[in-house]
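Read the structure below first, then the notes.
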DNA sequence: CATGAATGAGTGTTCATTCAT
DNA sequence: GATGAATGAACACTCATTCAT
């Protein structure tokens, strides 16, 4: 192998893409992304064959990082409340610590450039969380649609919470708490 | 009426823009919008000086229509529950009846092309609703930010509800009801 | 109509394309063609939706001009020799007078960007000539393939003749005559 | 033989280039040629310093193979007819047996990337054949240009013949014969 | 005021060539 | 010598906007 694909460069591209997608959306130009990543225009395409591939992999990588943040130290044996609380806090903390990734993630999640495949892969990364929701929080444990509804609600409510935290970072504890109250009172079994 | 009058043309442009933004997002080409509105490319720019203007006015007009739908027959003298229920039902019903407008609205609301000014004007259109929220639902009546938080939550939760309804239109009553339960249990005073 | 498509501009584009295709082949850049035609890059595409369209229309227009040059004053009632002679002389004279068009035509005729449709349309323009060949020169009047063989031979031989004339323009009469002798002796009935 | 020696690699590159040039023309990408040759992108350039070099050497090598095919068993002492017939048959048979090489050769012969130098070198490979033409078939034995004219004619006529054979392989004997008749009747002394 | 041709900067992507490994 | 990642100048084509008609 002459020069291995540089993991560093790949990461730089994803980092640059995150920042630009967060700022200007998926219409961020590949040449801008390359420039910000400190590589030549053409190099981007040795790491990601098309812009859509880049966007999809970016979405997957951010979502995976979020899932990992949530599932680390997950208290499997604790009660429903503790486990729900754990997920919520991790989700909100991750968003507050990674506002750029969070913004990019929101832009990508409404984009039609994210494929069915990618969305399926993301669901896989959230499998444990989805299972927990289905078993404990959805109105009807047997109902996939009901679980999806609750899952979408938690995402939407955390997005709102994170927007507020972004606007008033000093009130993070307040918003994290209020958000959880609304969520838990709304969906608790 | 081969050549509609001015106001009709403006409306035709907004209608065409709604459909295209709902379908392909804010990257919809002005020439496509003009074609669908039945006018020449250049004519669009006598009604809206730039594409950003068109997008901003479109957002404002859709949001205003939604606000009007919500506030019509608003039961000012009823109790908090009834008034909240009214708003929620109107919101969800409007979204279910105008899926194209709703989709366009969501695309626009995450776009960076919608200006601070426009967002302020939208808040104005929702002033009555915001006041109701502030006075009845926000944790602290004196706190604007708390009211904004609850307002954003209702929007986010109705978006999720409407997405589910779009996926399973026959379950509209179920989703409208479940969504309201979650919201009301979550935020009731 | 605001400003009608300018026939002059269309002609300028075709002229510029002819010159560049003759020089560098079908890989001539559209931006070079536009520059040589004295228009903006984008304008080219209001006259020809794609580069392939431009190339196909160019081929058709050159071939049509050639067909017209050949068929003008065609002596329908003269004998086979006179008619064959007429076609050959016209073909060679046209090529000698329009060396750029001839070179471009040769480049285009071997290109895979010229569609079946275009080749059919060209055959239509040469219908009379083809008929004459089938009826008088092909070995077997009933055989389309035999006629195509002779038709291809006349083209190939005139190309060679024209190449020689291009190299030694002063010997046009000699080459025109020699070429015809070879052709006529080769294929005469 | 996992890693062929140098000369084999050169041959593999030329073989791959032949196939791709025959298929897609001289715009075949060097990376595609390298891949089909089973070597790395960069390796191609240790054998051929530029793409133009590759194309020129390819043209020369194909033309040389053709010349060799023609001159093998050349009946030097036979009459003009027999010798002419020998050349024609060898030429047509070679083309029918090596359709890919023939197609590549035609693509290359109209390309502006083949240099004056290369064309001169090709003429050298065909020196014996050209001499035969000059001495026996050209209208004026002292005239180089006349010989070149006849040489170009034989090439052009065989190309047409080979195209027809490619379209109807089962009629190879018919076309080889018809083609020769036209040629011989056309140019015989 | 309406029209649509004209503009040219910008887009995602390709590719011959270089050079670090 | 072989490798393939890196380069950046092209490329065909798009599009918001202008302006002659």
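Chains as they are written, first to last, in UniProt numbering: chain A, 1 to 189; chain B, 1 to 189; chain C, 1 to 189; chain D, 1 to 189. All C-beta atoms in this analysis are idealised placements derived from N, C-alpha and C, irrespective of residue type, glycine included. These figures come from a predicted structure and were not determined experimentally.
Which bits of chain C does residue i rub up against, with CB to CB less than 9 Å?
i: residue 168 of chain D; result: 145
So what does DSSP say about residue i, is it helix, strand or coil?
i: residue 72 of chain C; result: coil
i: residue 50 of chain D; result: coil
i: residue 110 of chain B; result: coil
i: residue 86 of chain A; result: helix
i: residue 126 of chain A; result: coil
i: residue 102 of chain D; result: helix
i: residue 95 of chain B; result: helix
i: residue 79 of chain A; result: coil
i: residue 2 of chain D; result: Note that residue 2 of chain D scores 47 on pLDDT, short of 50, meaning its location in the model is unreliable and no value can be drawn from it.
i: residue 188 of chain C; result: coil
Could you list which residues in chain A have their beta carbon closer than 8 Å to that of residue i, in chain order?
i: residue 164 of chain B; result: 145, 148, 149 and 152
Relative to the C-alpha of residue i, which residue among the options is closest?
i: residue 133 of chain B; options: B/116, B/155 and B/18; result: B/155
i: residue 176 of chain A; options: A/6, A/162, A/185 and A/186; result: A/162
i: residue 25 of chain B; options: A/9, A/113, A/93 and A/32; result: A/113
i: residue 94 of chain B; options: B/71, B/143 and B/123; result: B/71
i: residue 48 of chain B; options: B/12, B/69 and B/100; result: B/12
i: residue 181 of chain A; options: A/97, A/89 and A/53; result: A/89
i: residue 116 of chain A; options: A/56, A/76 and A/106; result: A/56
i: residue 167 of chain D; options: C/145, C/65 and C/186; result: C/145
i: residue 137 of chain B; options: B/96, B/19 and B/81; result: B/81
i: residue 63 of chain C; options: C/33, C/184, C/8 and C/129; result: C/129
i: residue 14 of chain C; options: C/3, C/73, C/52 and C/97; result: C/52
i: residue 68 of chain B; options: B/22, B/85 and B/122; result: B/122
i: residue 190 of chain B; options: B/157, B/7 and B/120; result: Given that chain B is displayed from residue 1 to residue 189, the structure contains no residue 190 of chain B and the question cannot be resolved.
i: residue 74 of chain B; options: B/59, B/91, B/27 and B/97; result: B/91
i: residue 184 of chain B; options: B/131, B/99, B/86 and B/170; result: B/86
i: residue 96 of chain C; options: C/174, C/189 and C/153; result: C/174
i: residue 58 of chain B; options: B/131, B/118 and B/157; result: B/118
i: residue 61 of chain C; options: C/18, C/188 and C/33; result: C/18
i: residue 171 of chain C; options: D/143, D/170 and D/151; result: D/143
i: residue 189 of chain C; options: C/160, C/150, C/159 and C/157; result: C/150
i: residue 164 of chain D; options: C/165, C/147 and C/78; result: C/147
i: residue 107 of chain D; options: D/20, D/10 and D/157; result: D/20
i: residue 65 of chain D; options: D/109, D/105 and D/159; result: D/105
i: residue 179 of chain A; options: B/83, B/152, B/54 and B/158; result: B/152
i: residue 83 of chain D; options: D/33, D/131, D/27 and D/16; result: D/131
i: residue 98 of chain B; options: B/160, B/38 and B/22; result: B/22
Below 7 Å on C-beta distance, what does residue i contact in chain A?
i: residue 110 of chain B; result: 106, 107 and 110
Name the chain C residues whose beta carbon is nearer than 8 Å to that of residue i?
i: residue 159 of chain D; result: 156
So residue i contacts chain C; which residues on that side make the cut at Cβ distance below 7 Å?
i: residue 182 of chain D; result: 153, 186 and 187
List, in order along the chain, the chain B residues whose C-beta lies closer than 8 Å to that of residue i?
i: residue 24 of chain A; result: 112
Note down, in chain order, every chain D residue with its Cβ under 7 Å from the Cβ of residue i.
i: residue 252 of chain C; result: Residue coverage of chain C in this structure runs from 1 to 189, which leaves residue 252 of chain C outside it and unanswerable.
Starting from the N-terminal side, write out each stretch of the alpha helix (DSSP H) that is 4 residues or longer and does not extend beyond the UniProt domain "HTH tetR-type" (7-66) of chain A. 7-24, 30-37 and 44-47
Contiguous alpha helix (DSSP H) assignments of at least 4 residues, all confined to the segment 137-181 of chain D: 144-167
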